[in-house]
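Numbering (UniProt numbering), first residue to last: 1 to 120. Glycine is no exception: its CB is placed at the ideal position from the N, C-alpha and C atoms. This report refers to the structure that appears directly beneath it.
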């Protein structure tokens, strides 16, 4: 059974890029969210195996969404996605329970390596 992934990013183009990388490599993108609030709701609804989460988003940022998802499911597997120059936020994300992070712009092999590592 293919692994189920929730893609969270406020930029449609970024969601499309990740979705494309994942589906071409046998992952099942079960949902998308445009902000942290939606991410938490979709996580509860879909119970994905993994979440790719942008850090900077409107409504609720990725770090707050990560904390809420981890409070619902302490075993949640979340890979953070951030632009260059957000090192401090990446550290916050790892401390909040993110399993890994990928830097934008995405390199397909780096995204896949991260996801394989996190899913074991």
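- Inter-residue distance for residue 83 and residue 108 is about 15 Å (C-alpha atoms, whole angstroms).
- Rounded to whole angstroms, residue 6 and residue 50 show a C-alpha spacing of 6 Å.
- Taking the Cβ atoms as the reference, residue 57 lies roughly 5 Å from residue 35, within the contact range of under 8 Å.
- For residue 62, the number of other beta carbons within 10 angstroms of its own is at least 16, and it is reported as buried.
- The DSSP-derived three-state label of residue 56 is coil.
- In the three-state reduction of the DSSP assignment, residue 42 falls in the helix class, which pools H, G and I.
- Under a 10 Å Cβ-count criterion, residue 23 is classified as exposed, with fewer than 16 other Cβ atoms of the shown protein chains found around its own Cβ.
- Below 8 Å, enough C-beta pairs join the segment 95-104 and the segment 65-82 to call them touching: three or more.
- With a 10 Å radius around the Cβ and a threshold of 16 neighbouring Cβ atoms, residue 54 comes out buried.
- Looking only at 13, 111, 38 and 47, the smallest Cα-Cα distance to residue 73 is reached by 47.
- Under the DSSP assignment, residue 90 falls in the alpha helix (DSSP H) whose first and last residues are 87-95.
- Residue 87 and residue 10 have their C-alpha atoms spaced approximately 20 Å apart.
- One Cα belongs to residue 31, the other to residue 103, and the distance between them is close to 21 Å.
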